[in-house]
Structure formats: C-alpha cells, structure tokens
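Q: In the order they appear, the protein sequences are chains A and B.
Okay, so the first sequence: first residue is 1 according to the working numbering, each after it adds one.
Okay, so the second sequence: first residue is 1 according to the working numbering, each after it adds one.
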Amino acid sequence: MTDPASAPTKRTPLYDLHVSLGARIVPFAGYDMPVQYPTGILTEHQWTRTEAGLFDVSHMGQCFLVGPDHATTARALETLIPADILNLKPGQQRYSQFLNAEGGILDDIMVTRSAVAEEDGTLMVVVNAGCKEQDFAHLAKHLPNTIKLILAPHRALLALQGPKAASVLARFAPDVASMQFMTALSTKIDGVPVHISRSGYSGEDGYEISIHQDKVRWLADRLLKESEVKPIGLGARDSLRLEAGLCLYGHDIDTTTSPVEAQIQWSIQKRRREEGGFPGFERVKRELADGPMRKRVGIKPEGRAPAREGTEIHDEIGNKIGVVTSGGFGPTLNGPCAMGYVDTAHAQIGRRISLIVRGTAMPAEITAMPFVPNRFYRG
Amino acid sequence: MGTTHYTKDHEYVRVDGDVATFGITDYAQSQLGDVVFVEVPKVGAHLKQGAEAAVVESVKAASEVYAPVSGEVIEANSALEGTPAIVNEDPEGKGWFGKIKLSNKSELDALMNEADYKTYLSTL
Numbered sequence: 001m002t003d004p005a006s007a008p009t010k011r012t013p014l015y016d017l018h019v020s021l022g023a024r025i026v027p028f029a030g031y032d033m034p035v036q037y038p039t040g041i042l043t044e045h046q047w048t049r050t051e052a053g054l055f056d057v058s059h060m061g062q063c064f065l066v067g068p069d070h071a072t073t074a075r076a077l078e079t080l081i082p083a084d085i086l087n088l089k090p091g092q093q094r095y096s097q098f099l100n101a102e103g104g105i106l107d108d109i110m111v112t113r114s115a116v117a118e119e120d121g122t123l124m125v126v127v128n129a130g131c132k133e134q135d136f137a138h139l140a141k142h143l144p145n146t147i148k149l150i151l152a153p154h155r156a157l158l159a160l161q162g163p164k165a166a167s168v169l170a171r172f173a174p175d176v177a178s179m180q181f182m183t184a185l186s187t188k189i190d191g192v193p194v195h196i197s198r199s200g201y202s203g204e205d206g207y208e209i210s211i212h213q214d215k216v217r218w219l220a221d222r223l224l225k226e227s228e229v230k231p232i233g234l235g236a237r238d239s240l241r242l243e244a245g246l247c248l249y250g251h252d253i254d255t256t257t258s259p260v261e262a263q264i265q266w267s268i269q270k271r272r273r274e275e276g277g278f279p280g281f282e283r284v285k286r287e288l289a290d291g292p293m294r295k296r297v298g299i300k301p302e303g304r305a306p307a308r309e310g311t312e313i314h315d316e317i318g319n320k321i322g323v324v325t326s327g328g329f330g331p332t333l334n335g336p337c338a339m340g341y342v343d344t345a346h347a348q349i350g351r352r353i354s355l356i357v358r359g360t361a362m363p364a365e366i367t368a369m370p371f372v373p374n375r376f377y378r379g
Numbered sequence: 001m002g003t004t005h006y007t008k009d010h011e012y013v014r015v016d017g018d019v020a021t022f023g024i025t026d027y028a029q030s031q032l033g034d035v036v037f038v039e040v041p042k043v044g045a046h047l048k049q050g051a052e053a054a055v056v057e058s059v060k061a062a063s064e065v066y067a068p069v070s071g072e073v074i075e076a077n078s079a080l081e082g083t084p085a086i087v088n089e090d091p092e093g094k095g096w097f098g099k100i101k102l103s104n105k106s107e108l109d110a111l112m113n114e115a116d117y118k119t120y121l122s123t124l
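(1) A:Phe-181: which of A:Glu-204, A:Val-192 and A:Ile-189 sits nearest, CA to CA?
(2) Going by Cα to Cα distance, which pick from A:Val-168, A:Arg-198 and A:Ala-117 is closest to A:Gln-93?
(3) How close, in whole Å, do the beta carbons of A:Gly-91 and A:Ala-115 come, if the pair is a contact with beta carbons under 8 Å?
(4) Less than 8 Å between the C-beta atoms of A:Arg-296 and A:Asp-252, yes or no?
(5) Taking C-beta to C-beta, are A:Ala-364 and A:Pro-292 nearer than 8 Å?
(6) Quick one: does B:Asp-34 have its CB under 8 Å from some CB of chain A?
(7) Taking the straight line between their C-alpha atoms, what separation do you get for A:Glu-287 and B:Tyr-6?
(8) Buried or exposed for A:Asp-3, please, with buried defined as at least 16 other CB atoms from any protein chain shown within 10 angstroms of its CB.
(9) Three or more C-beta pairs closer than 8 Å, one from the region 14–28 of chain A and one from the region 15–23 of chain B: is that the case here?
(10) With distances taken from CA atoms, which of B:Glu-52, B:Ala-61 and B:Glu-57 is nearest B:Ser-70?
(11) Using the C-alpha atoms, what's the distance from A:Phe-278 back to A:Ala-101?
(12) Can you pull the chain A neighbours of B:Gly-60, defined as C-beta to C-beta under 8 Å?
(13) State the Cα-Cα distance for the pair B:Pro-84 and A:Gly-303, rounded to the nearest angstrom.
(14) Taking C-beta pairs closer than 8 Å, name the residues in chain A that B:Glu-81 reaches, listed in chain order.
(15) Does the Cβ-Cβ distance between A:Pro-336 and A:Ile-105 come in under 8 Å?
(16) I'd like to know if B:Val-55 contacts chain A, where contact means its C-beta is closer than 8 Å to some C-beta of that chain.
(17) Could you give the DSSP three-state label for A:His-18: helix, strand or coil?
(18) Among residues of its own chain, excluding the 5 on either side of A:Ala-305, which ones have a beta-carbon nearer than 8 Å to its beta-carbon?
(19) Consider the Cβ of B:Glu-39: report whether some Cβ of chain A lies at a distance smaller than 8 Å.
(20) Would you report the Cα separation of A:Leu-14 and A:Glu-275, rounded to the nearest angstrom?
(21) Helix, strand or coil for B:Ala-62 per DSSP?
(22) For A:Leu-86, which residues from the same chain have a beta carbon less than 7 Å from its beta carbon, with the 5 sequence-adjacent residues on both sides left out?
(23) Measuring CB atoms only, is the region 80–99 of chain B touching the region 21–37 of chain B, in the sense that at least three cross pairs come out at less than 8 Å?
(24) State the DSSP-derived secondary structure class of A:Arg-11, mapped to helix, strand or coil.
(25) How do the region 125–139 of chain A and the region 163–182 of chain A stand: do at least 3 beta-carbon pairs fall below 8 Å, yes or no?
(26) I'd like to check one pair, A:Tyr-249 with A:Arg-294: are the Cβ atoms closer than 8 Å?
(27) From the beta carbon of A:Arg-358, is the nearest beta carbon of chain B less than 8 Å away?
(28) Taking all protein chains shown into account, decide if A:Ser-178 is buried (16 or more other Cβ within 10 angstroms of its Cβ) or exposed.
(29) Just list the residues that DSSP pairs A:Ser-326 with in beta bridges.
(30) At a CB-CB cut-off below 7 Å, which residues of chain B make contact with A:Arg-382?
(31) What whole-angstrom Cβ distance do A:Ser-267 and A:Ser-96 have, given they're in contact under 8 Å?
(32) Does the distance from the C-beta atom of B:Val-13 to that of B:Pro-68 stay below 8 Å?
(33) What does DSSP give as the partner residues of A:Gln-93 in its beta bridges?
(34) Is the beta carbon of A:Gly-67 closer than 8 Å to that of A:Thr-146?
(35) Please determine, among B:Ile-74, B:Val-55, B:Ala-62 and B:Ala-54, the residue with the shortest C-alpha to C-alpha distance to B:Gly-44.
(36) For my contact list, A:Ala-236 and A:His-45 are in at a C-beta cut-off of 8 Å; report their separation, rounded to the angstrom.
Right, dumping it as structure tokens:
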C-alpha cells in the first residue's frame, strides 16, 4: 500500500502515558498524538498561560550536523537557510527556514550551536514532524562530505511552557533559571544527560528538553508530579501558538510562501541579506527591497464566529484580497482570531475587511500580532 | 414532558404537541470538546429534515448541526450566542438550539427512541 492515510501510525515513547492520562488520541504527521486530555483544550490553554504545561513533541525531527569546526558547519548549513549561523555564539539558538530555489519555504526549523567547547562544529537542528524525512534527505543531499549528518530518532523531546516553567525546571536543573530566551545548554538531571533550550511554541516563557527515549517517561512522570505542571495536547498547542502569532508549517507557510511574505524576515540577519548565498535569495532580496505582493497579517473578527483556514478575505466592496491560513478561537483573547495572507495594498493595521464565513460577509479588522503579548525570558 | 427522539448524527428532538425542541446530545458535546461558538437557527427559517440547521464550533473545528425534523423555526436559544459553554454543561436542557413547529410528524418515525440511541452509542 502506498496510500499514506493507510500507513500504520507511529507512536512516541510517551504514548502509553497519554493513554493512561485519558488523552484523546488523533493521527498527526504520521503519529498517534494526544489532542487533548480530559479537562479539555480551554483549560489546558489557560493552564499553560498561568502555570506550566508539559507537551510531548517527540514526533519532531532532531538531528546533528557535525563538522571540523563551527565555521565549516555553519557555512555548510547557510547554503540551505537564510539565517546567520556563522555568528551564532556557543549555546545560542536561531529560528530559520529551509528554502527552495524559488524562495518558498520547505520547512521551518530551530538551529542551535552546541554550548560545549569539545563539541564545537556541532549544530543541532529540530524540524517539523511532517517534514522530517524530506528535510533529512535534503540535508544529506546538499551537505558536503566534511559535514556528518547524524539523525537522532532515539531522542525524545518535551516542551515545558508557561510562567511557572522556570521555577519548576530549576528544581531539577538549577542552571536553567538564568538562561536567556533562545539559548541552550547540556546538563544532567539525576545523572541523565539532557539538552535544554529556552524556547517554545506557546508565546510563554519555557523550555524544550531533548532526552533519550528510554528516559523520557521517567522525566515526564517527575515533571507531572509537580503541582504547577499538567499535560497539554496538540489542541491547546495550536490555540497557544495562534494567539502568539506563530506560523504553523503547511498552513501559514509552505513552498508557495516566502519568508518576506510570511513576515518572518526578522529571522534573516543583515549579513545574509547582503551576501545572499542561500536558495531563493533573488526573491528574498527583491521582496525586501520592493515589498512582497502579499503579506501575512493578523485578523480580528468583530463578532464571535471563528474564521477557519480557507476562509476568503474580501475588501469592503467585495473583491477577494486574500485567504485565512489559520483561524479559530483564542481562549486568552476570549474571542476569535486568525492569520492569513492579503494583498499588500490592503495589509495596513486597522484596515476593515470582510471574512466570508458560510456564505456571509463578517466584518473584521487587520491587526498586529501577537494577539496575546509574548512573554519570552530576556533576563 | 414530551418524548425525545435521536438522530444518528447525535441531534436530539423533544416533541411537545406540534413543537419540537432540538439540540445536540451529551455524547456529541463530549466528542466536540469545549464549545466556543454556536450559530443558532434563524427564527422564521423553514428547515428540512437532514439539512443544515445550525453550526457548533469547538476550539478545533466547526461542525454542522442538521435539522432532526422539518418545520419552521419559532424560537432560537439566543443565550448560546453569549455563553456557548451551556452546550457542554447542559446539552439536552438549557443548551437547546431551537424550537421547530413540526410540518410532518411522521418524520419522527425515522428517528431513534432513547433506548435505541443508547444501543446505537454502544456500537460506536
């Protein structure tokens, strides 16, 4: 059978834990994943905004690029992504994208330079679950022989997100309290090696913890024993990231959208904008100079009705000017919110638009993102 | 106190004389999860059995609610617009969607009674 829908779904090392916690399991990116636990998405979302939520993100792809020194490895990866990796400091992390020759986004990724001096020349890359096979093939095909690609399917990944995440995790690994947003370190929890970055996908302060698959259940159980920690499913992960204005690959960004259209050009540092040397540079350069034809914007519907992915966006006189790429209900916002692409001429904040929901034009407004202020830890 | 009938799509309809109060069952609300928006039927609309009558949205997705019987909508539960969570709390009581003046009582024969619906749920 070649039908992907009929392929057996994979399970993360925490599958049994999710089931024992009463999770509703759904297929996601080829994995059986918890979409919610018995208390429901709204409660999980609010818990993450006020306490600390534990997410199993072990389905995501983890790999290491190992070269003779940092400059060699960084330059090799820079041929595939538009971020400045060369000037990453040890232990620093950056968000970037694999681009195709037309400047479209193949995947969005996190790149971390090892904080350990003996590992200089090693970059850790975390990619989306649904793209990981193609990403690893892409890396294997394009990296020079001097760089070794080491896949890490034996590593699980936990995210601990929320305002209490730092105080909770510091009980296990005191070093994490003083980490800056978008930095990483390697440490041990009760003798077990862990790689921890201060990052996430909720808009809150928090961490992602990479740990061996045989140890992740032990760590998840210990974290869940802390009174501030509850398990959070994919449903709340999506509503949290939507309120935070963060892109979901395959929805808000894909091979047809460029980083400038997606308004993530902050992730392309000055040196790369000037020097280029990455796929799609011509398009990125042109769009940075002249502005893109369309832009990703925040959208606030006036009423209570959510506008879902695929909803047409019209101007005041009924011309189609764009489409919603993610939309739903924002539990912290206590109302609907969405993001989508509109023609640049209509992309100003405050612009009145219409959303065509079930055939009816609903009034809405272009707004700034995030919808809920980010609370990343910057010291 | 009227008789309650059920559809395979998990709508219920409680009949009192020629007026039918309908909504979604407790099973349906538990499957949907937290309800965040309800588009209730419009008063005066003529619904056809099995056609779209309302929309219920959870955090994750929008779902159509079908008219369990045909007839004219004579009342809609406007409380759901401000407090959609009533659908989770009391789906077959305060969480009703609309009241329909039955145009064809024989349509009820095609629906399940409570015992049949419980049996049906046990097969899902």
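Glycine included, each C-beta is placed from N, C-alpha and C at the ideal position.
Since we're looking at a predicted model, the values are computed, not measured.
A: For this structure:
(1) A:Glu-204
(2) Ranking the options by Cα distance to A:Gln-93, first place goes to A:Arg-198.
(3) 3 Å
(4) yes
(5) no
(6) yes
(7) 57 Å
(8) A caution first: A:Asp-3 carries a pLDDT of 47, below 50, which makes its placement in the model unreliable, though a value can still be read off. Burial check for A:Asp-3: the Cβ neighbour count within 10 Å stays below 16, so the residue is exposed.
(9) no
(10) B:Glu-52
(11) 8 Å
(12) The sequence given here places Lys at residue 60 of chain B; Gly does not occur at that position. One finds Val-35, Ile-41, Gly-235, Asp-238 and Gly-328 in chain A with Cβ atoms closer than 8 Å to the Cβ of B:Lys-60, taken in chain order.
(13) About 13 Å.
(14) Arg-304
(15) no
(16) yes
(17) helix
(18) The beta carbon of A:Ala-305 sits closer than 8 Å to those of Pro-336, Val-357 and Met-362, all from its chain and outside the five residues before and after it, given in chain order.
(19) yes
(20) 44 Å
(21) strand
(22) Here the set comprises Ala-71, Ala-74, Arg-75 and Glu-78.
(23) yes
(24) Annotated three-state conformation of A:Arg-11 is coil, per DSSP.
(25) no
(26) no
(27) yes
(28) exposed
(29) A:Met-339
(30) Limits of chain A in this structure are 1 at one end and 379 at the other, which puts residue 382 of chain A out of reach.
(31) 6 Å
(32) yes
(33) A:Thr-112
(34) yes
(35) B:Ile-74
(36) So it is a contact: roughly 4 Å between Cβ atoms.
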